[in-house]
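Below is one structure; the comments refer to it alone.
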Amino acid sequence: MALSLGWHIVLACFGVAFPAMIFVMHLRGIRRDDQVALGLAKRWAKVSAVLFAIGAVSGTVLSFEMGLLWPGLMGTYGDVLGLPFAFEGLSFFVEAIFLGIYLYGWGRMPPRRHLLMVVPMAVAGVVGTFCVISVNAWMNAPTGFRVENGEVVDVDPWRAMFNDLVVLQFGHMWIAAYMVVGFSIAGVYAFGMLRGRRDAHHRLGFLVPFVFATVAALGQPFVGHLLGGNLGDRQPAKLAAFELAETTESPSPLRIGGWYDDGEVSGTIDIPYLGSLLAQNSFTEPVRGLDTIPADEHPPINIVHWAFQSMVGIGVLLMLAVLLFWAARWRRRDLLENRWFLRFCVVAGPLAVVALEAGWIATEVGRQPWIVYGFMRTSEAAGSYSGLWWLLGSTAVVYAGMTVGAVVVLRSMARRWRAGEEDLPSPYAPEPAGEERR
Numbered sequence: 440m441a442l443s444l445g446w447h448i449v450l451a452c453f454g455v456a457f458p459a460m461i462f463v464m465h466l467r468g469i470r471r472d473d474q475v476a477l478g479l480a481k482r483w484a485k486v487s488a489v490l491f492a493i494g495a496v497s498g499t500v501l502s503f504e505m506g507l508l509w510p511g512l513m514g515t516y517g518d519v520l521g522l523p524f525a526f527e528g529l530s531f532f533v534e535a536i537f538l539g540i541y542l543y544g545w546g547r548m549p550p551r552r553h554l555l556m557v558v559p560m561a562v563a564g565v566v567g568t569f570c571v572i573s574v575n576a577w578m579n580a581p582t583g584f585r586v587e588n589g590e591v592v593d594v595d596p597w598r599a600m601f602n603d604l605v606v607l608q609f610g611h612m613w614i615a616a617y618m619v620v621g622f623s624i625a626g627v628y629a630f631g632m633l634r635g636r637r638d639a640h641h642r643l644g645f646l647v648p649f650v651f652a653t654v655a656a657l658g659q660p661f662v663g664h665l666l667g668g669n670l671g672d673r674q675p676a677k678l679a680a681f682e683l684a685e686t687t688e689s690p691s692p693l694r695i696g697g698w699y700d701d702g703e704v705s706g707t708i709d710i711p712y713l714g715s716l717l718a719q720n721s722f723t724e725p726v727r728g729l730d731t732i733p734a735d736e737h738p739p740i741n742i743v744h745w746a747f748q749s750m751v752g753i754g755v756l757l758m759l760a761v762l763l764f765w766a767a768r769w770r771r772r773d774l775l776e777n778r779w780f781l782r783f784c785v786v787a788g789p790l791a792v793v794a795l796e797a798g799w800i801a802t803e804v805g806r807q808p809w810i811v812y813g814f815m816r817t818s819e820a821a822g823s824y825s826g827l828w829w830l831l832g833s834t835a836v837v838y839a840g841m842t843v844g845a846v847v848v849l850r851s852m853a854r855r856w857r858a859g860e861e862d863l864p865s866p867y868a869p870e871p872a873g874e875e876r877r
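Number 733 in the numbering used here belongs to position 294 of the sequence shown; there are no gaps in the numbering.
This is the structure in structure tokens:
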């Protein structure tokens, strides 16, 4: 399940953020009669279609895994979780329909009406992601039901879907999606500029997603801080693992790096007071120590700690990079002429993906041993099958094949575009306008 989710979440980011970037680029093309912008919007739509098709396959695998791998969870809480999963399915079909209309609408629809086809596609991508995130937020803050004599009763699926954490957790993921997609797309054009392609096409292709990534990188620390509020009350073991707090200290230091082994913390760089300030919004409020929490409720501490610090460290690095770019631009210095900055932009996309994966590891592994916090342990939810290694192996093969296929197709499209082919064929497309049927 971790392999499937970790692979699929990257494609989900493109479903959330890419349509907004396509809309802005297309809008610029219409308003300014900018053929470069229109060309970029058209190319990005075809890339989006490829990623959507691959995401449909990986999403289908996930839907089977939910029932196959987690019979205890779905058998007990299926009535609670059914509503957001149903809406996610509907959103998927809406997104697919309007992506098709937009993709094949070039030259066949009035320009402004054609542009508006991106709006429901973008909204459906956001709604579908919100529905999935609402399930995960519910696992962290379960509500909308009661347990009576071991049975789930009084189910309120709307309350479960709109639980106490869903807005902030979705906001955190939504912004992360713009960071992943913005830095990744900008990195593609930065790579082209490193190869000497410094035309208007590459500069505009870099700047539009980089602006989205800038807003996301600057806003993410604030949303993340709000999401972490009261974590010490909600999930004290997770916060203690984040902060590597073996004992309760007042005030608590911020520990950078380090290792936890048999009740001892070593190798950290401690910054006094900052742990209390960041975790509890106080200079004196302590972070509850792991020694106050039963050992059977501890998550894998070192994994959680390093995943959390990796997410935060990369986020801060990306935030500083965008501040540097715009400060230099304000002083009329063009960092797009600086090869070291362009090299950093090439790796910024993969770094954003690493931060995304690390954040989900911190969230999911940090909740262990609970799958539904305080109600059901992961061991109670998971099925027991003798052939799981075969399932893992086949899943890895499928995802490796899709990864190779995506790379081959996208590289082929890029080569043909560079060679001057603008109107690449799309699968099952209608004939171009004005072409006689043969």
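Don't be surprised by glycine CBs; every beta carbon is placed ideally from N, CA and C.
**Q.** Cβ-based burial, Q474 [other Cβ within 10 Å; buried from 16]
**A.** Start at 1 with the first residue of the sequence shown, and residue 474 comes out as number 35. Q474 should be labelled exposed.
Q) Name the DSSP beta bridge partners of W698, please? A) By 1-based counting over the sequence shown, the position of residue 698 is 259. S705.
Q) Out of curiosity, what's the CA-to-CA distance linking F630 and V843? A) For the purposes of this step, residue 630 is taken as the residue at position 191 of the sequence shown. For the purposes of this step, residue 843 is taken as the residue at position 404 of the sequence shown. Roughly 20 Å separates the two Cα atoms.
Q: Note down the Cα distance separating F524 from V571, rounded to an integer number of angstroms.
A: Within the sequence shown, the letter at position 85 stands for residue 524. Within the sequence shown, the letter at position 132 stands for residue 571. Whole-angstrom Cα-Cα distance: 7 Å.
Q: Drop a sphere of 10 angstroms on the beta-carbon of G696, count the other beta-carbons inside from all chains shown, and report buried for 16 or more, exposed for fewer.
A: As a first step, residue 696 is located in the sequence shown; it is residue number 257 there, counting from the start. It counts as exposed.
Q: Over the uninterrupted beta strand (DSSP E) stretch that includes W809, give me the two end residues.
A: Stepping through the sequence shown from its first residue, residue 809 is reached at position 370. That run of the beta strand (DSSP E) goes W809 to V811.
Q | Burial state of T723, where buried means 16 or more other Cβ atoms lie within 10 Å | A | Here the question's residue 723 lines up with position 284 in the sequence shown. With fewer than 16 other Cβ atoms within 10 Å, it is exposed.
Q.
Could you tell me the alpha carbon to alpha carbon distance between F462 and S573, rounded to whole angstroms?
A. Indexing the sequence shown from 1 puts residue 462 at position 23. Indexing the sequence shown from 1 puts residue 573 at position 134. Each residue's alpha carbon lies about 26 Å from the other.
Q. How should R482 be labelled, buried or exposed, when 16 other C-beta atoms within 10 angstroms of its C-beta is the threshold for buried?
A. Position 43 of the sequence shown holds residue 482. Buried is the call here.
**Q.** Touch test, the segment 675-688 against the segment 715-733, Cβ-Cβ under 8 Å, three pairs minimum
**A.** yes
**Q.** DSSP three-state assignment for L693, whether helix, strand or coil
**A.** Stepping through the sequence shown from its first residue, residue 693 is reached at position 254. The answer is strand: DSSP assigns L693 an E or B state.
**Q.** Rounded straight-line distance, which links the Cα of E527 to that of D700
**A.** Here residue 700 refers to the residue found at position 261 when the sequence shown is read from its first residue. Here residue 527 refers to the residue found at position 88 when the sequence shown is read from its first residue. Rounded to the nearest angstrom, the two C-alpha atoms are 42 Å apart.
Q) Cβ of I614 within 8 Å of Cβ of G658? A) Taking the sequence shown and counting its residues from 1, the one referred to as residue 614 is at position 175. Taking the sequence shown and counting its residues from 1, the one referred to as residue 658 is at position 219. Yes.
**Q.** Integer-rounded CB distance, given that V586 should sit under 8 Å from F814
**A.** Residue numbering aside, residue 814 sits at position 375 when the sequence shown is read from its first letter. Residue numbering aside, residue 586 sits at position 147 when the sequence shown is read from its first letter. With 8 Å as the limit, F814 and V586 qualify as a contact, their Cβ atoms being about 7 Å apart.
**Q.** Assigned secondary structure, V627 (DSSP; H/G/I helix, E/B strand, else coil)
**A.** Translated into positions along the sequence shown, residue 627 becomes position 188. Helix, per DSSP.
Q) Taking the alpha carbon of S705 as the point to measure from, which residue in A718, T687 and L683 has its own alpha carbon closest? A) Counting from one through the sequence shown, the residue named residue 705 turns up at place 266. Of A718, T687 and L683, the residue nearest in Cα terms is L683.
(Q) Looking at G626: is its Cβ nearer than 8 Å to the Cβ of G788? (A) On the sequence shown, residue 626 is found 187 positions in, with the first residue counted as 1. On the sequence shown, residue 788 is found 349 positions in, with the first residue counted as 1. For G626 and G788, yes; Cβs fall inside 8 Å.
Q. Any idea if G564 is buried or exposed, counting beta-carbon neighbours within 10 angstroms, 16 or more meaning buried?
A. On the sequence shown, residue 564 is found 125 positions in, with the first residue counted as 1. Buried.
Q. What are the boundary residues of the alpha helix (DSSP H) that includes V533?
A. The count along the sequence shown starts at 1 and reaches residue 533 at position 94. Segment P510 to L542, the alpha helix (DSSP H) holding V533.
(Q) Tell me the DSSP secondary structure of R585 in three-state form. (A) Residue numbering aside, residue 585 sits at position 146 when the sequence shown is read from its first letter. Strand at R585.
(Q) Under 8 Å, with one C-beta from each stretch per pair, do the segment 597-605 and the segment 543-561 reach the 3-pair mark? (A) no
Q | G777, buried or exposed, once every other Cβ within 10 Å from all chains shown has been counted against 16 | A | Taking the first residue of the sequence shown as position 1, residue 777 is located at position 338. As written in the sequence, residue 777 is Asn, which differs from the Gly given in the question. So N777 counts as exposed.
Q.
Just to confirm before moving on: does the CB-CB distance between L666 and L759 stay below 8 Å?
A. In the sequence shown, residue 666 corresponds to position 227, counting from 1. In the sequence shown, residue 759 corresponds to position 320, counting from 1. Not a contact, by the Cβ cut-off of 8 Å.
Q | Residue of S689, I708 and P692 minimising C-alpha distance to W698 | A | In the sequence shown, the residue the question calls residue 698 occupies position 259. Considering only alpha carbons, the answer is I708.
Q. Given that a residue counts as buried once 16 or more other Cβ atoms are within 10 Å of its Cβ, and exposed if not, what is L446?
A. Working through the sequence shown from its first residue, we reach residue 446 at position 7. Before going further, note that residue 446 is Trp rather than Leu in the sequence given. Classification of W446: buried, given that the 10 Å Cβ count is 16 or more.
Q. Taking the alpha-carbon positions, what's the L490 to L538 distance?
A. As a working note, residue 490 is residue 51 in the sequence shown. As a working note, residue 538 is residue 99 in the sequence shown. C-alpha separation (whole angstroms): 12 Å.
Q. Under 8 Å between the Cβ atoms of A835 and L442?
A. Here residue 835 refers to the residue found at position 396 when the sequence shown is read from its first residue. Here residue 442 refers to the residue found at position 3 when the sequence shown is read from its first residue. Yes; because the gap between Cβ atoms is below 8 Å, this pair is in contact.
Q. How should V662 be labelled, buried or exposed, when 16 other C-beta atoms within 10 angstroms of its C-beta is the threshold for buried?
A. Counted from its first residue, the sequence shown places residue 662 at position 223. With 16 or more Cβ atoms within 10 Å of its Cβ, V662 is classed as buried.
Q) What is the C-beta distance between V811 and P581, in whole angstroms, given that I count them as a contact (C-beta under 8 Å)? A) Translated into positions along the sequence shown, residue 811 becomes position 372. Translated into positions along the sequence shown, residue 581 becomes position 142. With 8 Å as the limit, V811 and P581 qualify as a contact, their Cβ atoms being about 5 Å apart.
Q: Return the bridge partner residues of M815 from the DSSP annotation.
A: Locating residue 815 in the sequence shown gives position 376, counting from the first residue. Per DSSP, V811.
Q: Could you say which of A652, Y628, R694 and L507 lies nearest to L831 if we only look at CA atoms?
A: Within the sequence shown, residue 831 is the residue found at index 392, counting from 1. For the residues A652, Y628, R694 and L507, the minimum Cα distance to L831 belongs to L507.
Q. Quick one: is G589 buried, meaning 16 or more other Cβ sit within 10 Å of its Cβ, or exposed?
A. Along the sequence shown, one-based indexing puts residue 589 at 150. With fewer than 16 other Cβ atoms within 10 Å, it is exposed.
Q) Between the Cα of P738 and the Cα atoms of H640, E803 and V755, which residue gives the shortest distance? A) Translated into positions along the sequence shown, residue 738 becomes position 299. Nearest option by C-alpha distance: E803.
Q) Who does I710 pair with in a DSSP beta bridge? A) For the purposes of this step, residue 710 is taken as the residue at position 271 of the sequence shown. Partner(s): L693.
Q: Express the C-alpha separation of G546 and R877 in angstroms, rounding to a whole number.
A: The sequence position of residue 877 within the sequence shown is 438, counting from 1. The sequence position of residue 546 within the sequence shown is 107, counting from 1. Only weak support is given to the placement of R877: the predicted model assigns it a pLDDT of 37, under 50, and the value that follows is read from those uncertain coordinates. Going by the C-alpha atoms only, they are around 20 Å apart.
Q. Identify the residues that DSSP records as bridge partners of V592: which are they?
A. By one-based count along the sequence shown, residue 592 stands at place 153. Bridge partners of V592: R585.
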